[in-house]
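Some notes on the structure that comes next.
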Amino acid sequence: MQLGVNLWVWGAPMTDERVDRLLPRAAEMGFDIVEFPIEERDGFDYDRVGRALADHGLAGSVVVAMNEERDLLHDDEAVRENGREYVRHCVDAAATLGADRVVGPLYSAVGRTWRMSDAERAAAVEDVITQLRDLSAYAADHGVTLCVEPLNRFETSVLNTVEQSVEVIDRVDQPNCELLLDTFHMNVEEPSLPAAIEAAGDRIGHFHACSNDRGPPGHGHIEWPAVDAALADAGYDDQVVIESFTPEVESIARAAAIWRPLAESQNALAREGLTFLRDRFD
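Just so we're aligned, residue 853 is where the sequence shown starts under our numbering, counting upward by one.
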């Protein structure tokens, strides 16, 4: 496994100054991967940061930040198109950074929930599939894979479970459209994490790791030996990235409902999580 850290662990938004400070830290800690949130277009210099990644011996991935202004399922076509253009921008950013994937809930704004009838849900899923198919074609032209993330019921109404997400990936039917599984969201929605991973199988393209409370992996009640075994059975041997957040940044705290520190410090969260995952997966 290649082990990584999402820069949201330490703060937001991503700027040249913040990225310049955090890349050496991630490398010194021993991470293989740095995951870049793209909150705003051109928040930092992708070309220069791509060179810095190589200088530090790091690989990269890109995670989306979907919001009410960029939502593929919004009623307003301008918002939908802004969402598609944003995803395309993230693909361009990934290609410039030298990253091979764009990951996250690519379909709708995080935190937007609404009740749907069966017919409305079917229409929403069809809409997502059509748009993801087109976006996957764009990503393929840039050598980038899209990894679609189901979120828990408190953060979206669209894709909550692996079963729902597998249907979408299978119907998109593009080799560069895969699944991102996240232990936090699976812990809320799945009766069994190993069974969910087994159901996802070879569709898994990316994996986010944290404890059940979004603290460092290895804390809490997630049964990591079973998760490890299920990933091995699924043939997954790729990027495992610690995704957690800091309560010190108001926008992140509100979006992710992080109201208290989840470790002694954000550095401790990253170090403890990496140590655990190295012991687990190496």
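We put the beta carbon where it would ideally sit given N, CA and C, even for glycine.
Only a predicted model underlies this, so the values are computations on that prediction, with no experimental measurement involved.
In this structure, Asp899 sits away from Thr867, with a CB-CB distance that is not shorter than 8 Å. Per the Cβ contact rule, the region 929 to 943 is not in contact with the region 895 to 911 (fewer than 3 Cβ pairs under 8 Å). Distance from the CA atom of Ser1096 to the CA atom of Glu1124, rounded to whole angstroms, is 13 Å. In this structure, Glu1030 is the residue among Gly1087, Val1010, Glu1030 and Ala1061 with its C-alpha nearest to the C-alpha of Thr997. The residue among Glu1041, Met1038, Val1020 and Arg893 with its C-alpha nearest the C-alpha of Asn934 is Arg893. With a threshold of 16 other beta carbon atoms within 10 Å, Ala930 falls short and is exposed. The Cβ atoms of Ala945 and Val914 sit closer than 8 Å to each other. Inside the region 1036 to 1080, DSSP marks whole alpha helix (DSSP H) runs of 4 or more residues at positions 1045 to 1052, from first to last along the chain. Rounded to the nearest angstrom, the gap between the Cα atoms of Met968 and Asn1004 is 16 Å. The residue from Pro1113, Ala1052 and Ile1074 with its alpha-carbon nearest to that of Cys999 is Ala1052. Judged by pairs of C-beta atoms under 8 Å, the region 1093 to 1111 touches the region 1051 to 1066, as three or more such pairs exist. Membership of Gln983 in the alpha helix (DSSP H) is indicated by the continuous run Asp970 to Asp993. The beta carbon of Arg922 is closer than 6 Å to those of Asn934, Gly935 and Tyr938 in its chain, skipping five residues each way along the sequence. In this structure, the beta-carbon distance from Val1018 to Ala976 does not fall below 8 Å. Leu855 sits close to Phe883, with the two beta carbons spaced by under 8 Å. For Gly1125, the enclosing alpha helix (DSSP H) covers residues Gln1118 to Phe1133. The C-beta distance from Val954 to Val962 rounds to 15 Å, too long to fall under 8 Å, and the pair is not in contact.
If you compare the alpha carbons of Trp966, Arg1132, Trp1111 and Val1040 with that of Ala1082, the shortest gap goes to Arg1132. Around the beta carbon of Ser988, a 10 Å sphere encloses 16 or more other beta carbons of the protein chains shown; the residue is thus reported as buried. Partner residues in the beta bridge of Asp1034, as assigned by DSSP, are His1060.
Between Val857 and Ala1120, the C-beta gap is not smaller than 8 Å, which leaves the two residues out of contact.
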